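Q:
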Amino acid sequence: MRSRISSSVAATLVAAALLTATGHAARRGGMTFLDATRAAGLDFEFRTDLKRGRMLATMGGGVGMADYDGDGFLDLFFTGSVAHGERPSEGPCGMLFRNHGDGTFENTTEKAGIRACGWTMGAHWADVDSDGLPDLLVTGAGKTSYFHNLGGRFEEAARERGLNATGFAVGLAAGDVNGDGRVDVYAVNYLDTDYAREKSFPSMQLRLPDDYGGQAPVLYLQKEDGRFEDGTARAGVAAHESKGMAAVLFDFDLDGDLDLYITNDRVTNVFYRNRGDGSFENATEETGAGKREETQARAGMGIAIGDPNGDGHPDVAVTNFAGEPISLYQNVDGVLFEEAAASAGLAAPSTPPVQWGTDFADLDDDGWQDLVAVSGHLAPRFITFLGSLFNKRNSAFYGRGERSFRQHPQLFHNTGGGRFEDVSAGAGDFGELKLSARGLGVGDVDGDGRLDLAIAAISGGARLMLNRTENPGSRAIEILPAAGRDHRTAIGTKVIVRAGGRRQMQEFILRPSYASGAWVPLHFGLGKNGVADKIEVIPPGASEPRFTFENVAGGRLYTLRDGELLPLREFRRTASEKPRGARP
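Under this note's numbering, the first residue of the sequence shown is numbered 1087, with each subsequent residue one higher.
1) Do the segment 1411 to 1418 and the segment 1388 to 1403 touch if we need at least three Cβ pairs shorter than 8 Å?
2) Where does V1269 land, buried or exposed, given buried means 16+ other C-beta within 10 angstroms?
3) In three-state DSSP terms, what is L1200?
4) According to DSSP, is G1649 helix, strand or coil?
5) Thinking just about the alpha-carbon of each residue, which of L1219, G1462, A1126, F1119 is nearest to the one in G1158?
6) Residue range of the alpha helix (DSSP H) that A1260 falls in?
7) To which residues of the same chain is G1388 closer than 6 Å at the C-beta, ignoring the five residues directly before and after it?
8) Where does P1439 fall in DSSP's three states?
9) Determine the direct distance from the alpha carbon of G1409 to that of L1646, and round the result to whole angstroms.
10) List the DSSP bridge partners of V1418.
11) Looking at the secondary structure, which residues open and close the beta strand (DSSP E) in which L1120 lies?
12) Check whether the Cβ atoms of S1231 and E1246 lie closer than 9 Å to each other.
13) Does P1653 pass the burial test, meaning 16 or more other C-beta atoms within 10 Å, or should it be called exposed?
14) Count the other CB atoms, across all protein chains shown, that sit within 10 Å of the CB of H1463; report buried if there are 16 or more and exposed otherwise.
15) Less than 7 Å between C-beta atoms, sequence neighbours within five positions excluded: which residues of the same chain meet that for R1597?
16) By DSSP, does F1657 sit in helix, in strand, or in coil?
17) Sort T1190, A1618, K1377, F1130 by Cα distance to F1164 and report the nearest one.
18) Which runs of the alpha helix (DSSP H) fall wholly inside the segment 1270 to 1353 and span at least 4 residues, in chain order?
19) Under 8 Å, with one C-beta from each stretch per pair, do the segment 1289 to 1297 and the segment 1222 to 1236 reach the 3-pair mark?
20) For Y1232, write down the residues that DSSP places opposite it in a beta bridge.
21) Can you tell which of A1576, G1267, V1168 has its C-alpha closest to the C-alpha of E1363?
22) In chain order, which continuous runs of the beta strand (DSSP E) of length 3 or greater are located wholly inside the segment 1505 to 1532?
23) Among all the DSSP beta bridges, which residues are the ones paired with I1563?
24) From P1466 to V1353, what distance separates their C-alpha atoms?
25) Can you find the residues in the same chain that come closer than 7 Å, C-beta to C-beta, to K1520, ignoring five residues on each side of it along the sequence?
26) What residues in its chain sit with their C-beta under 6 Å from that of A1390, if we drop five residues either side in the sequence?
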């Protein structure tokens, strides 16, 4: 199976391409996106050996988003795969693209010293050693790589640091679980399989997660010397049936400690509450974080953390397989999760597709977080059809919902208070996309103050979708927490922004999506307000604000370090740019 991800064009054509690219009609006042992949020079070819790799070949395709060189613009890393199973080192290997800040990217993979080849799955950025530079963690089947950022160049340090993650991992979580200020890493681990086993199966046999055992997760605790040790048993985070796809460390109950949520494939999702001493209790049943009335747990894929109803408590969204709607676990006062997908307007429109990467993000800067999810089936339709003839037992599962290999992504606009409407079709070039997508990253790539989308796909091409939403008077502010002089992690920092009578709170975390971990600034839409009346900061481990800033100008990206809010750059507004042919 072969799919081309886009080809580069000369940088001199970028401006013209951005202004003249054809776009789907967009409704007035609605969100609209421009496909700028070719103009940006994101030249990457994803190929994977479905014939030999089977399950492995269907799962990868992640995109990590972070500013790895500290210039104030977000860079991208796409994971590769294996074009021929007998020659895994030949790739295509993962690629790092440095953002020039002018709408174009440069392939700096070799220059940066990164080589991530083989059956890789996910790309996750996190400042592991809290030196102010995000490092790159690449998950895969049999190996997770840790590329330590030396200041724009990287060295592979997994073995040296004791990060010996040898399972089949797609997602991971990172954060300080025991309050020592150091970043710990939770490798989720998925199914008990590898390339040799996948290749041995009959060629037309369709297999489900039910046909495999799960792999136990591993929590790697970082020691004072920067090395890692296995702390899974000590922390108590392995006492569940695991077929993990994604995980996130976040503060569910706002007590200052990071809790752990895990999505599982065809076994119940799991929630661990942090006791405050680095150990966890399984609170899945108590909080309602797992499966509900279904006899069979949903096939959990990606995960998003946000506060779409604006009550100050972080909610959880989980994407699922075809025939299963998005699960929206609404946080009730840090005590319970309430299933709210149907009442929020998400259940019906999200049921047909197979959905993967997802995120909550205020895409029109009105102060309410929207939801985006990308979609695509496991394999081309003719393969699933033939496979169903040879394996009747699993044919019903693969025949549910939307069966096309390439599927439309979905964009849900938050109309206020956590109620959503599907606006995908009217969202410019976004509405015309049809991909077999996996990973998703959300962040302001072109520096104009609006959140853009980077999509990794195994068929139909990875895409860069620039936000061209016209919302005159709408403004935003971005804040990137960073480790300070004490080299304690910034993960877990909470920022409260008050503007125009509204209060928004967000926590700085490794944003999980699916096979994609983003290290991006906190983005707050200010509506028609050009100033944040008050910004309060709750440091990691605390539960009350420690720093306060008043009358902070919007339209800027700030760095938050050592209790200071420092302007990094102003946004470049390009509101007049929109796809040609867009109609009122």
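For glycine and all other residues, C-beta sits at the position ideal for the given N, C-alpha and C. Quantities reported herein were computed from a predicted structural model and do not represent experimental measurements.
A: Checking against the coordinates, here is how it stands:
1) yes
2) Working through the sequence shown from its first residue, we reach residue 1269 at position 183. With 16 or more Cβ atoms within 10 Å of its Cβ, V1269 is classed as buried.
3) The residue you call residue 1200 lines up with position 114 of the sequence shown. Before going further, note that residue 1200 is Ile rather than Leu in the sequence given. I1200: coil per DSSP, three-state reduction.
4) Numbered from its first residue, the sequence shown carries residue 1649 at position 563. Here G1649 sits in coil by DSSP.
5) To locate residue 1158, count along the sequence shown from 1; it is residue 72. For the residues L1219, G1462, A1126, F1119, the minimum Cα distance to G1158 belongs to L1219.
6) Taking the sequence shown and counting its residues from 1, one reaches residue 1260 at position 174. No alpha helix (DSSP H) holds A1260; the beta strand (DSSP E) holding it covers 1258 to 1261.
7) By one-based count along the sequence shown, residue 1388 stands at place 302. For G1388, where only same-chain residues beyond five positions count, the Cβ hits under 6 Å are A1332, T1405, W1442, G1443, T1444, S1599, Y1600.
8) Start at 1 with the first residue of the sequence shown, and residue 1439 comes out as number 353. The answer is coil: DSSP assigns P1439 none of H, G, I, E or B.
9) For this step, residue 1646 is matched to residue 560 along the sequence shown. For this step, residue 1409 is matched to residue 323 along the sequence shown. CA-to-CA, the gap between L1646 and G1409 works out to about 43 Å.
10) By 1-based counting over the sequence shown, the position of residue 1418 is 332. DSSP output for V1418 lists L1422 as bridge partner(s).
11) Counting from 1 along the sequence shown, the entry for residue 1120 is found at position 34. Looking at the DSSP string, the run of the beta strand (DSSP E) that includes L1120 is 1119 to 1121.
12) By one-based count along the sequence shown, residue 1231 stands at place 145. By one-based count along the sequence shown, residue 1246 stands at place 160. No, the pair does not count as a contact, with Cβ atoms beyond the cut-off.
13) Mapped onto the sequence shown, residue 1653 falls at position 567. Counting Cβ neighbours within 10 Å, P1653 comes out exposed, since fewer than 16 surround it.
14) Within the sequence shown, residue 1463 is the residue found at index 377, counting from 1. H1463 should be labelled buried.
15) One-based indexing of the sequence shown puts residue 1597 at position 511. The answer, listed in chain order, is D1445, G1603, A1604, V1606.
16) Translated into the one-based positions of the sequence shown, residue 1657 becomes position 571. Of the three classes helix, strand and coil, the one that applies to F1657 here is coil, per DSSP.
17) In the sequence shown, the residue the question calls residue 1164 occupies position 78. Measuring from the Cα of F1164, the nearest candidate turns out to be F1130.
18) Runs found: 1281 to 1286, 1318 to 1321.
19) no
20) For this step, residue 1232 is matched to residue 146 along the sequence shown. L1223, per the DSSP bridge assignment.
21) Within the sequence shown, the letter at position 277 stands for residue 1363. Per the sequence shown, residue 1363 should be read as Asp rather than Glu. Closest by alpha carbon: G1267.
22) 1506 to 1508, 1522 to 1529
23) Along the sequence shown, read from residue 1 onward, the residue named residue 1563 stands at position 477. DSSP output for I1563 lists F1610 as bridge partner(s).
24) Within the sequence shown, numbered from 1, the residue matching residue 1466 stands at position 380. Within the sequence shown, numbered from 1, the residue matching residue 1353 stands at position 267. Taking the straight line joining both Cα atoms gives about 25 Å.
25) Here residue 1520 corresponds to residue number 434 of the sequence shown, with the count starting at 1. Closer than 7 Å at the Cβ level, and outside the excluded window around K1520, lie R1492, Q1493, H1494, G1546.
26) Taking the first residue of the sequence shown as position 1, residue 1390 is located at position 304. These residues qualify, in order along the chain: A1403, T1444, D1445, F1446.
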